[in-house]
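To keep things clear, I will list the structure first and then write my remarks on it.
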Amino acid sequence: MTITITEAAATHVRNYLENRGSGLGIRLGVRTSGCSGMAYVLEFADESEADDQIFEQHGVKVLVDPKSLLYLDGTELDYTREGLNEGFKFNNPNVKDSCGCGESFNV
Amino acid sequence: MALLQLSEPGQSVAPHQHRLAVGIDLGTTNSLVAVVRSGKAVTLPDEDGEHLLPSVVRYLENGIEVGRRAREMAAQDPLNTIISVKRLIGRGLADIKSLGNKLPYRFQEGNAAVPRIQTVRGEVSSIEVSSEILKSLVRRAEHSLGGELEGIVITVPAYFDDAQRQATKDAATIAGLKVLRLLNEPTAAAVAYGLDTGSDGVHAIYDLGGGTFDISILRLNKGVFEVLSTGGDSALGGDDLDHAVAEWIMAQAGIDRDADHSILRQLMQVACKAKEALTAAHSTAITVALVDGTTWQGELSRAQFETLIEPLIRKTLAPCRRALRDAGLTPEQIKDVVMVGGSTRVPRVRELVGEFFRTDPLVDIDPDRVVAIGAAIQADVLVGNKSDHEMLLLDVNPLSLGIETMGGLVEKIIPRNTTIPVARAQEFTTFKDGQTAMAVHVLQGERELVADNRSLARFELRGIPPMVAGAARIRVTFSVDADGLLSVEAQEQSSGVKASVEVKPSYGLTDGEIESMLRESIDHAKEDMEARLLRERQVEAERVIEALTAALHADGDELLDAKERNGIESALRTLAEITREGDQAAIKAAVEALEKSCEFYVERRMNASVRKAMSGHRIDDFE
Numbered sequence: 001m002t003i004t005i006t007e008a009a010a011t012h013v014r015n016y017l018e019n020r021g022s023g024l025g026i027r028l029g030v031r032t033s034g035c036s037g038m039a040y041v042l043e044f045a046d047e048s049e050a051d052d053q054i055f056e057q058h059g060v061k062v063l064v065d066p067k068s069l070l071y072l073d074g075t076e077l078d079y080t081r082e083g084l085n086e087g088f089k090f091n092n093p094n095v096k097d098s099c100g101c102g103e104s105f106n107v
Numbered sequence: 108m109a110l111l112q113l114s115e116p117g118q119s120v121a122p123h124q125h126r127l128a129v130g131i132d133l134g135t136t137n138s139l140v141a142v143v144r145s146g147k148a149v150t151l152p153d154e155d156g157e158h159l160l161p162s163v164v165r166y167l168e169n170g171i172e173v174g175r176r177a178r179e180m181a182a183q184d185p186l187n188t189i190i191s192v193k194r195l196i197g198r199g200l201a202d203i204k205s206l207g208n209k210l211p212y213r214f215q216e217g218n219a220a221v222p223r224i225q226t227v228r229g230e231v232s233s234i235e236v237s238s239e240i241l242k243s244l245v246r247r248a249e250h251s252l253g254g255e256l257e258g259i260v261i262t263v264p265a266y267f268d269d270a271q272r273q274a275t276k277d278a279a280t281i282a283g284l285k286v287l288r289l290l291n292e293p294t295a296a297a298v299a300y301g302l303d304t305g306s307d308g309v310h311a312i313y314d315l316g317g318g319t320f321d322i323s324i325l326r327l328n329k330g331v332f333e334v335l336s337t338g339g340d341s342a343l344g345g346d347d348l349d350h351a352v353a354e355w356i357m358a359q360a361g362i363d364r365d366a367d368h369s370i371l372r373q374l375m376q377v378a379c380k381a382k383e384a385l386t387a388a389h390s391t392a393i394t395v396a397l398v399d400g401t402t403w404q405g406e407l408s409r410a411q412f413e414t415l416i417e418p419l420i421r422k423t424l425a426p427c428r429r430a431l432r433d434a435g436l437t438p439e440q441i442k443d444v445v446m447v448g449g450s451t452r453v454p455r456v457r458e459l460v461g462e463f464f465r466t467d468p469l470v471d472i473d474p475d476r477v478v479a480i481g482a483a484i485q486a487d488v489l490v491g492n493k494s495d496h497e498m499l500l501l502d503v504n505p506l507s508l509g510i511e512t513m514g515g516l517v518e519k520i521i522p523r524n525t526t527i528p529v530a531r532a533q534e535f536t537t538f539k540d541g542q543t544a545m546a547v548h549v550l551q552g553e554r555e556l557v558a559d560n561r562s563l564a565r566f567e568l569r570g571i572p573p574m575v576a577g578a579a580r581i582r583v584t585f586s587v588d589a590d591g592l593l594s595v596e597a598q599e600q601s602s603g604v605k606a607s608v609e610v611k612p613s614y615g616l617t618d619g620e621i622e623s624m625l626r627e628s629i630d631h632a633k634e635d636m637e638a639r640l641l642r643e644r645q646v647e648a649e650r651v652i653e654a655l656t657a658a659l660h661a662d663g664d665e666l667l668d669a670k671e672r673n674g675i676e677s678a679l680r681t682l683a684e685i686t687r688e689g690d691q692a693a694i695k696a697a698v699e700a701l702e703k704s705c706e707f708y709v710e711r712r713m714n715a716s717v718r719k720a721m722s723g724h725r726i727d728d729f730e
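In the order they appear, the protein sequences are chains A and B. Start counting the first sequence at 1; every next residue gets the next number (this note's numbering). Start counting the second sequence at 108; every next residue gets the next number (this note's numbering).
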């Protein structure tokens, strides 16, 4: 079970955390909603839960709850620019299909 | 997949809940889309890096083209290529015909409400054409922003009437877009410069576009922009500057006025380039290829250029002067002048406008984009991305709204210059005994008589329970939404029956007609008041005649002897005659005389009805 974060994503996360002035790291997760089953959660994390898994890479702690990890195993978090838009991207090998916009997905 | 942004713990947005909103400047010549990203408003370019989308739509048998490609084909395929559709939107066929015979399109006759243009793809309305432009801009925005739009803000000229505004909204609806609101173009320009967050004051927005000139005087009062006056010239713009330069080249190069079409088109392009070059440079070289294969070369200095265009720029100052006069202001009272439109890049334009208003005009924001940028800022606020800012921009309704009352009079429900959105209600009653229906006639304007105002809509309230005249209570509610669109509801209070109408007038006012409507109301103030008084007296007289006739019919025989009855009836006839003659003082006197001569009858009726009510009761019952 592993989650990775690219150097580009880590740099942005460090910047955002510094700007925010507090925070343990970031929390990745999935929840059921959206038009195609599940949606990603990407939030600042202020505290960790007892059964969280913590992955640390490029100086950034990534917290994932065990239920979400089932759907996120092997995921790489990247930061990318697409045309005029830029933001975080989940490269998740578990995804079978997603809705047109890719904001929600099925495994 | 979509790109995500970090959220605060527990604040992750659900999919498709992004609050993306853009501002759209739907222009006569060019259109633009802008958005606020990372706190900054920017216009969005297309794949080729072009920000301006020519407002040109071409209909082909197998598709629709919008923008530059359509514009390039305008000369070859004039019947299927719709340019300047903004001049048509919300207008009836009669209005469009009054614009002159310059339009090459084939209009479908017979359907005057919404004129339709015949193209190879079938008939299209101006609303559908505008909707294609909106769709194209929204596609561009969704592509750049990576998501669906929550809503859009579209800008419209300050002088657009309800019909033109509604048609613009309809165009968005057809394109499947939610209009957060329509924003006046000068207001958007003022917002782009942040004037709405500054101190109260009066601002002038000088908008010299490709083919039109508009001047608007706005007053900011406690965060609310009020349009004090507008003016302009719908046939004066940057194209005319190009024309002046082209004529100069023709004279210099000895080109005939009736030269080949392609030469003339080339000349206009060369002239436009020279104009643009002279914004920064002090002189520019001009080269024109002539028909005989030779080329002509010349040099145009900025000083010469300024001499050529001076009369044209001075022509814009007359509407400025008029707009100031309409607003009752002097140039010194203008705090800021905002420059809008590509032609305001010309240094001489800035100089002359600065001299006229005695202040340096605001030119920091690209004048082609300033309206779209203001719209984007407004869209961002309306969609809730700036909840802590609490900026809510308000507008006012330009003309009073009211309904027709007895005698062809107008009762104003929402006076002009009321801040919108607004809802106002007023109660009305029935005129005749047993009246079960009421016609509601919605009017717009400042005059006292129905005939002098603009009719917006009519509807009927039916099912009023029969009651004596004046007993029914009918509440008429006028609401104007943030876009200046009106809905009217009439409800009878005891039974709850109601009827309503949303005003989508079938055709529009011509430019500046709002102004003339206002002026007329001032010019005719005295005669309007006299006419109103007369009608009011006539209505009062008719009401008295009506009531007395009904009373005579009910119990005249019981309570009056023949002589008394004859007396009253002849007084009634006299009053009816005087009422028709139209001297309000005489009518008043006659009504009073009749009422006096009937006093004994009224008294007998009262006694009779009291006796009737009391009979069968003991005196204790009334204590």
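Beta carbons are placed, not taken as given, at the ideal position from N, Cα and C, and that holds for glycine.
7 Å Cβ cutoff met for residue i and residue j
i               : j               : result
V478 of chain B : T226 of chain B : no
I189 of chain B : V221 of chain B : no
R644 of chain B : I685 of chain B : no
I5 of chain A   : V60 of chain A  : yes
A299 of chain B : I441 of chain B : no
R228 of chain B : Y313 of chain B : no
D635 of chain B : R554 of chain B : yes
R101 of chain B : E413 of chain B : In this structure chain B extends from 108 to 730, so residue 101 of chain B is not present and cannot be described.
A279 of chain B : L241 of chain B : yes
For residue i, the first and last residue of its enclosing beta strand (DSSP E)
i               : result
E82 of chain A  : 76-82
M545 of chain B : 544-551
A396 of chain B : 390-396
F267 of chain B : No beta strand (DSSP E) contains F267 of chain B, which DSSP labels as neither H nor E.
L593 of chain B : 593-599
Start and end residues, alpha helix (DSSP H) containing residue i
i               : result
E43 of chain A  : Premise fails: E43 of chain A lies in the beta strand (DSSP E), 38-45, not in any alpha helix (DSSP H).
N19 of chain A  : 7-20
D346 of chain B : 345-360
V699 of chain B : Checking the displayed sequence, the identity of residue 699 of chain B turns out to be Glu instead of Val. Element bounds for E699 of chain B: 691-704.
A378 of chain B : 368-384
D433 of chain B : 409-434
I685 of chain B : 669-688
L768 of chain B : Not covered by the structure: residue 768 of chain B. The range shown for chain B is 108 to 730.
Y71 of chain A  : 66-72
G481 of chain B : 477-489
Cβ shell of residue i (< 6 Å), same chain only, five flanking positions each side left out
i               : result
E292 of chain B : T262, P264, V478
A274 of chain B : I196, G197, I234
A396 of chain B : T402
Cutoff 8 Å; reference residue i; Cβ partners in own chain excluding five residues on either side
i               : result
E662 of chain B : It should be noted that the sequence gives Asp, not Glu, for residue 662 of chain B. If we look at D662 of chain B and ignore the five residues flanking it on each side, its Cβ neighbours are R712, A715.
A576 of chain B : T536, T537, F538, K539, D540, Q542, R650, E653, A654
A360 of chain B : V395, L397, W403, G405
D349 of chain B : M375, A378, C379, K382
L111 of chain B : none
Expected contact under 8 Å - CB spacing of residue i and residue j to nearest Å
i               : j               : result
L289 of chain B : K276 of chain B : 7 Å
I520 of chain B : G509 of chain B : 5 Å
A434 of chain B : I324 of chain B : 5 Å
R178 of chain B : P161 of chain B : 4 Å
F535 of chain B : I571 of chain B : Actually they do not touch by this definition, with Cβ atoms about 11 Å apart.
V286 of chain B : S237 of chain B : Rounded, the Cβ-Cβ distance is 12 Å, inconsistent with contact.
E476 of chain B : T150 of chain B : Looking at the sequence shown, residue 476 of chain B is not Glu but Arg. Indeed, because the Cβ distance is near 5 Å, the residues count as touching under 8 Å.
A128 of chain B : L256 of chain B : 6 Å
Identified DSSP bridge partners for residue i
i               : result
D340 of chain B : B:F320
R561 of chain B : B:Q551
Y313 of chain B : B:I322, B:M446
N92 of chain A  : None; N92 of chain A has no bridge partner.
L290 of chain B : B:T262
V60 of chain A  : A:Q57
S586 of chain B : B:A530, B:S594
Beta-carbon proximity list for residue i, same chain, < 7 Å, skipping 5 on both sides
i               : result
G515 of chain B : L556, V557, A558, R642
C705 of chain B : L655, I675
P751 of chain B : Past the boundaries of the shown model lies residue 751 of chain B; chain B is included only from 108 to 730, so the question cannot be answered.
L389 of chain B : First, the residue type needs correcting, since residue 389 of chain B is His and not Leu in the sequence shown. Closer than 7 Å at Cβ, skipping near neighbours: S408, R409.
Within-7 Å CB hit, residue i to chain E
i              : result
Y16 of chain A : You won't find chain E in this structure, because its protein chains are A and B.
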